[in-house]
Amino acid sequence: MKFKIKRFFGVALRVVPFALVAAVLLSVAFYPKKKAAQGEQKRVVRVWNVDTFEGGKGSRTSFLKRVAASVEKTDGGLYYLISSYTLEGARQAYADGIRPDLLSYGIGLSVYTESCLPLPYRFAGGDTTEGCLAYPWCKGSYYLFSLTDDFESEGTCALSSGGNNLVEVAAAVSGIGGETVDSLSAYVAFLNGGYRYLLGTQRDVNRFSARGKEVYRKELTGYCDLYQYVSVLSAEKRVDCMKFVGALLSEEVQNRLSDIGMLSVRQDETRRTASVFSDENALSEMRRAAGQQGDRKNLDKFLKNV
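Converting from the sequence shown to the numbering used here requires adding 241 to each position, the first position being numbered 1.
In structure tokens, the structure reads:
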């Protein structure tokens with residue numbers, strides 16, 4: 242087969258017959274990533290990841306895809322389809338009657354509560370009277386930041402809000418007063434001297450690190466709602482779902498969470514949290530109760546010991 246040579250802006254181009262190009266593209270598009278054993282039925286588990294609060298760095302969805310690839314290698318007929326949903330998108334999917342088999346999510350996605358199946362673990366944030374319906378596979382943390390090592394001097398504090406996180410509750414439990422500001426604005430204002438302190442999260446730790454900025458910090462372990470949970474929603478695919486959950490909670494995977502700037506649930510020192518199943522009304526009530534004009538005694542009824 243002969244190929245014609247043409248020149249375009251002085252560069253030689255090889256013109257390949259269209260039929261050959263189409264054949265190559267089709268073969269790539271339909272070439273299977275892996276083959277199931279002969280006679281083995283292909284099993285697909287749908288996994289949704291919903292980020293309801295800011296992470297550390299990188300993508301939690303991409304991290305889940307890497308975990309899925311490692312589990313798939315152990316079973317030639319098993320495939321995990323990992324998808325990323327926004328909070329609003331996941332709520333709409335539920336309203337439309339669409340469910341995943343496995344759900345990774347943070348606080349604020351209460352509509353899926355009744356679809357969650359019991360897990361063989363216990364954790365306060367995901368416990369109900371029916372047992373543990375959600376278990377965290379990674380977490381963040383709240384920190385008090387200062388540009389100096391002096392944490393005793395008086396000064397204004399920005400409370401960093403990113404997503405559904407309850408930074409006001411973290412501040413109230415820690416006895417810190419401040420002004421709630423969206424995450425990026427709080428970070429910038431703090432660095433520019435607009436605030437003496439910043440009550441932020443693991444996202445800020447990674448921002449400071451990426452910028453090479455020396456900042457002092459104290460971890461606030463009294464309260465944390467920055468947990469990414471996993472729940473099984475499919476009874477039919479429960480066994481394959483639990484293979485994935487087991488991998489997520491394995492020591493090997495937990496030790497790799499620093500790749501996305503998150504923390505392992507194995508070394509958790511948090512004392513109190515809020516239920517992952519808290520709905521919008523509960524979240525609003527907790528913020529109100531934690532505020533300067535709120536009833537902080539009322540806050541305790543929402544919090545759980547970890």
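Cβ coordinates follow ideal geometry from the N, Cα and C atoms, glycine included.
**OP:** Assign residue 454 to one of three DSSP states: helix, strand, or coil.
**Re:** Along the sequence shown, one-based indexing puts residue 454 at 213. The three-state secondary structure of residue 454, taken from DSSP, is coil.
**OP:** For residue 416, count neighbouring C-beta atoms within 10 Å of its own C-beta (all shown protein chains included) and say buried if the count is 16 or more, exposed if not.
**Re:** Taking the sequence shown and counting its residues from 1, one reaches residue 416 at position 175. With fewer than 16 other beta carbons inside 10 angstroms of its own, residue 416 counts as exposed.
**OP:** Using the DSSP secondary-structure output, state which residues sit across from residue 323 in a beta bridge.
**Re:** The count along the sequence shown starts at 1 and reaches residue 323 at position 82. Bridge partners of residue 323: 288.
Subject >> Residue from 524, 473, 455, 515 whose Cα sits closest to the Cα of residue 288 >> reply: In the sequence shown, counting from the first residue as 1, residue 288 sits at position 47. Distance from the Cα of residue 288 is smallest, within the candidate group 524, 473, 455, 515, for 473.
Original post:
With DSSP run on the structure shown, which of helix, strand or coil describes residue 438?
Top reply: In the sequence shown, the residue the question calls residue 438 occupies position 197. Looking at residue 438 - three-state DSSP - the assignment turns out to be strand.
Original post:
Opposite residue 379 in the DSSP bridges: which residues?
Top reply: As a first step, residue 379 is located in the sequence shown; it is residue number 138 there, counting from the start. Beta-bridge annotation (DSSP): residue 379 is paired with 469.
**OP:** Give a yes or no on whether the C-beta atoms belonging to residue 377 and residue 469 are separated by under 8 Å.
**Re:** Residue numbering aside, residue 377 sits at position 136 when the sequence shown is read from its first letter. Residue numbering aside, residue 469 sits at position 228 when the sequence shown is read from its first letter. Contact flag set, yes.
**OP:** Pair every Cβ in the region 385–394 with every Cβ in the region 440–460, then say whether three or more of these pairs are closer than 8 Å.
**Re:** The answer is yes - the region 440–460 touches the region 385–394, with three or more Cβ pairs under 8 Å.
Subject >> Proximity below 8 Å, CB of residue 519 to CB of residue 351 >> reply: For the purposes of this step, residue 519 is taken as the residue at position 278 of the sequence shown. For the purposes of this step, residue 351 is taken as the residue at position 110 of the sequence shown. A contact, by the Cβ cut-off of 8 Å.
**OP:** Could you tell me whether the region 436–452 touches the region 307–318, using the rule of 3 or more Cβ pairs below 8 Å?
**Re:** No: fewer than three Cβ pairs fall under 8 Å.
**OP:** Determine the contact status of residue 396 and residue 340, defining contact as a CB-CB distance below 8 Å.
**Re:** Your numbering for residue 396 matches position 155 in the sequence shown. Your numbering for residue 340 matches position 99 in the sequence shown. At a Cβ-Cβ threshold of 8 Å, residue 396 and residue 340 do not count as neighbours.
Original post:
Looking only at DSSP bridge pairs, what is residue 368 linked to?
Top reply: Counting from one through the sequence shown, the residue named residue 368 turns up at place 127. Partner residues in the beta bridge of residue 368, as assigned by DSSP, are 373.
**OP:** Compare the C-alpha of residue 301 against each of 495, 411, 512, 532 and name the closest.
**Re:** Position 60 of the sequence shown holds residue 301. Residue 495 is the option with its Cα nearest to residue 301.
Subject >> Alpha-carbon to alpha-carbon, residue 479 and residue 408 >> reply: Against the sequence shown, residue 408 aligns to sequence position 167. Against the sequence shown, residue 479 aligns to sequence position 238. Residue 408 and residue 479: Cα-Cα distance of roughly 35 Å.
Subject >> Beta-carbon proximity of residue 467 to residue 406, cut-off 8 Å >> reply: Position 226 of the sequence shown, counted from the start, is the residue given in the question as residue 467. Position 165 of the sequence shown, counted from the start, is the residue given in the question as residue 406. Result yes, Cβ atoms of residue 467 and residue 406 sit closer than 8 Å.
**OP:** Run the CB neighbour count on residue 262, radius 10 Å, all protein chains shown included, and call it buried at 16 or more, exposed below.
**Re:** If you number the sequence shown from 1, residue 262 lands on position 21. Bear in mind that the predicted position of residue 262 carries a pLDDT of just 35, short of 50, making it unreliable; the figure below should be weighed with that in mind. With fewer than 16 Cβ atoms within 10 Å of its Cβ, residue 262 is classed as exposed.
Subject >> Limits of the beta strand (DSSP E) - the one that residue 409 falls within >> reply: Looking up residue 409 in the sequence shown gives position 168. Taken as a continuous stretch (DSSP letters only), residue 409 belongs to no beta strand (DSSP E), being part of the alpha helix (DSSP H) at 408–415.
Original post:
In terms of alpha-carbon separation, which member of 400, 509, 412, 411 lies closest to residue 429?
Top reply: Indexing the sequence shown from 1 puts residue 429 at position 188. Checked all of 400, 509, 412, 411; the closest Cα to residue 429 is 400.
Original post:
Does the Cβ of residue 443 have 16 or more other Cβ atoms within 10 Å, making it buried, or fewer, making it exposed?
Top reply: What you label residue 443 is simply residue 202 of the sequence shown in a count that begins at 1. Buried, by the Cβ-count rule.
Subject >> Residue(s) in a DSSP beta bridge with residue 404 >> reply: Residue mapping note: residue 404 aligns to position 163 of the sequence shown, counting from 1. BP columns for residue 404 point to 294.
Original post:
In chain order, what residues of the same chain lie with their CB nearer than 6 Å to the CB of residue 531, ignoring the 5 residues before and after it?
Top reply: Along the sequence shown, one-based indexing puts residue 531 at 290. The beta carbon of residue 531 sits closer than 6 Å to those of 409, 410, 413, 540, all from its chain and outside the five residues before and after it, given in chain order.
**OP:** Grab me the residues of residue 259's own chain with a C-beta within less than 8 Å of its C-beta, minus the 5 sequence neighbours each way, in chain order.
**Re:** Walking along the sequence shown from the start, residue 259 turns up at place 18. Only weak support exists for where residue 259 lies, its pLDDT of 35 falling under 50; the value from the coordinates is given anyway. A distance below 8 Å between beta-carbons, with the five flanking residues on each side excluded, links residue 259 to no residue of its chain.
Subject >> Neighbourhood of residue 394 by C-beta distance below 8 Å, restricted to the same chain and skipping five residues each side >> reply: Start at 1 with the first residue of the sequence shown, and residue 394 comes out as number 153. For residue 394, where only same-chain residues beyond five positions count, the Cβ hits under 8 Å are 437.
Original post:
Is the CB-CB distance between residue 294 and residue 404 below 8 Å?
Top reply: Locating residue 294 in the sequence shown gives position 53, where the first residue counts as 1. Locating residue 404 in the sequence shown gives position 163, where the first residue counts as 1. With a cutoff of 8 Å on beta-carbon distance, residue 294 and residue 404 are scored as near each other.
Original post:
I think residue 383 touches residue 461, with their Cβ atoms under 8 Å apart; what is that distance to the nearest whole Å?
Top reply: Locating residue 383 in the sequence shown gives position 142, counting from the first residue. Locating residue 461 in the sequence shown gives position 220, counting from the first residue. Your pair residue 383 and residue 461 checks out as a contact, with CB atoms roughly 4 Å apart and the cut at 8 Å.
Original post:
What's the C-alpha gap between residue 458 and residue 366?
Top reply: Residue mapping note: residue 458 aligns to position 217 of the sequence shown, counting from 1. Residue mapping note: residue 366 aligns to position 125 of the sequence shown, counting from 1. Approximately 26 Å, taken between the alpha carbons.
**OP:** Check residue 384 in the structure and name its three-state DSSP category.
**Re:** The sequence position of residue 384 within the sequence shown is 143, counting from 1. The answer is strand: DSSP assigns residue 384 an E or B state.
Original post:
When you compare each of 506, 528, 523 to residue 381 by their alpha carbons, which one comes out closest?
Top reply: Stepping through the sequence shown from its first residue, residue 381 is reached at position 140. Selected option, being the one with the closest Cα: 506.
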